[in-house]
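Colleague: Each residue of the sequence shown is one higher than the last, beginning at 708 in this note's numbering. Got a structure here, written out as structure tokens. Questions coming.
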Amino acid sequence: MHLSRVDLNLFTVFVAIYTEGSVTRASQQLNLTQPAISHALNRLRQLFNDPLFVRQGQMMVSTPLARSIIEPVRQALRGLEVTLTENDKFDPALASKQFNLALRDVLESTALPPLMESITRQAPQINLAAIQVERRELVSELAAGSLDLAIDMLLPLPNEIHRQMVVQGNTVVLARRDHPVIQGELDLDTYMQAEHILASSRRKGMGLEDFELSRLGLQRRIRLRCQHYFAACRVVSQTDLLLTMPEGYARIANEQFNNQILPLPTAMPSWDVYLYWHQNVENDPANRWLRQQVIEAFQNQTV
């Protein structure tokens, strides 16, 4: 079928139903009536000769065909949107928009306060959703426009994903204030003789510090593996366990616990944090503005 005979608005409806899983919520998102959404869905079904969505209880569940075409459709719509807007001026004071920013929870405390201070001051009608996305899905989400930006460590991503380093950070060690062995300084022998906490969202595997220690033929004892640095800081304050973590976040998460913050007694690569975006929004005025706000938010910070 020739493209000239296809109503491109149907694909906006398709993405809305897929995203919301509901005709009702799709109609609310697009500010259309439910009969209009249902009519568009029927036309899509005829176009593809496939039901596309099947009702299961209160949800509209996508068919295999719908799942196979959702990303190409999202990317096509995103590319068209950028083409139409890339020459427009973006005025944050007047714009009404939500940006979606992917970042790890360890970066939220350092990035979000200065970022939101800037956004709320400049753009009263712009909202920000900070979300966590699986790293294997970053490329497709950025390409589809469901993510505007991502902030993460250095990742092996394809050339279509542009990047800029926004901050470098050091690694430090936390020990409780009245630790029986460690008071104000820490050498490598004492560090290796201690028991440790590893904070990681992964169920297994070594931390960055463990990889570096292994290069020296060393292996520390992990007494506790937990998911969040904040919880680990609290455990440190009540035990003799040590916690190794990024310095910037340590100074935030440790405020109420008053643990000692000490240099890591061995060389460690810096925690380099990068800002990522897709090449299809390189010249998009709104995305350029948001990128600048993120870069400025990280200035004079450590991770």
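By construction, the Cβ of each residue, glycine as well, lies at the ideal position given by its N, Cα and C atoms.
#1: When the Cα atoms are used, what is the spatial distance from Met913 to Pro992?
#2: Kindly indicate which three-state DSSP category His903 falls into: helix, strand or coil?
#3: Let me see if you follow: with CB-CB separation under 8 Å, is Asp855 close to chain D or not?
#4: With distances taken between CB atoms, is the gap from Ala851 to Arg941 smaller than 8 Å?
#5: Considering only the beta carbon of each residue, do Tyr981 and Val813 sit closer than 8 Å?
#6: Can you tell which of Ala809, Ala939, Thr878 has its C-alpha closest to the C-alpha of Asp917?
#7: Measure the C-alpha to C-alpha separation of Ala906 and Leu895 and round it to an integer number of angstroms.
#8: Taking only the alpha-carbon atoms, compute the straight-line gap between Leu751 and Asn834 and give it to the nearest angstrom.
#9: Hey, out of Gln934, Pro953, Tyr956, Gln890, whose CA is closest to Arg910's CA?
#10: Helix, strand or coil for Trp978? Go by DSSP, reduced to three states.
#11: Who does Ser769 pair with in a DSSP beta bridge?
#12: If you follow the beta strand (DSSP E) that Arg932 is in, where does it begin and where does it stop?
#13: Between Lys822 and Ala1004, how many whole angstroms is the CB-CB distance? I'm expecting something under 8 Å.
#14: Do Ala747 and Val722 have their beta-carbon atoms positioned less than 8 Å apart in this structure?
#15: With 16 as the cutoff for other CB atoms within 10 Å, does Thr827 come out buried or exposed?
#16: Taking the alpha-carbon of Arg811 as reference, which of Pro865, Glu841, Lys796, Gly955 has the nearest alpha-carbon?
#17: Kindly list the residues whose CB is nearer than 7 Å to the CB of Ser745, restricted to its own chain and excluding five residues on each side of it in sequence; keep chain order.
#18: Going by CA-CA distance only, name the one from Glu954, Gln1000, Ile904, Glu892 that's closest to Pro972.
#19: CA-CA distance, Ala809 and Tyr898?
#20: Whose CA, out of Asn716, Ile968, Met952, Thr951, lies closest to the CA of Gln890?
#21: One question on the structure: do Ser803 and Gln832 come within less than 8 Å of each other, judged by their Cβ atoms?
#22: Whole-angstrom Cβ separation of Pro970 and Gly876, contact assumed at under 8 Å?
Modeller: Looking at the coordinates:
#1: 41 Å
#2: strand
#3: In the displayed structure, chain D is absent; only one protein chain is listed.
#4: no
#5: no
#6: Taking only the C-alpha atoms, the option nearest Asp917 is Thr878.
#7: 20 Å
#8: 32 Å
#9: Gln934
#10: DSSP, read as helix, strand or coil, puts Trp978 in coil.
#11: Phe760
#12: 928-933
#13: In the sequence on display, residue 822 carries Leu and not Lys. The pair is a contact, with the Cβ atoms about 4 Å apart (cut-off 8 Å).
#14: no
#15: exposed
#16: Glu841
#17: Val730
#18: Glu892
#19: When only Cα atoms are considered, Ala809 and Tyr898 end up about 34 Å apart.
#20: For the set Asn716, Ile968, Met952, Thr951, the Cα lying nearest the Cα of Gln890 is the one of Ile968.
#21: Yes; because the gap between Cβ atoms is below 8 Å, this pair is in contact.
#22: 13 Å between Cβ atoms; not a contact.
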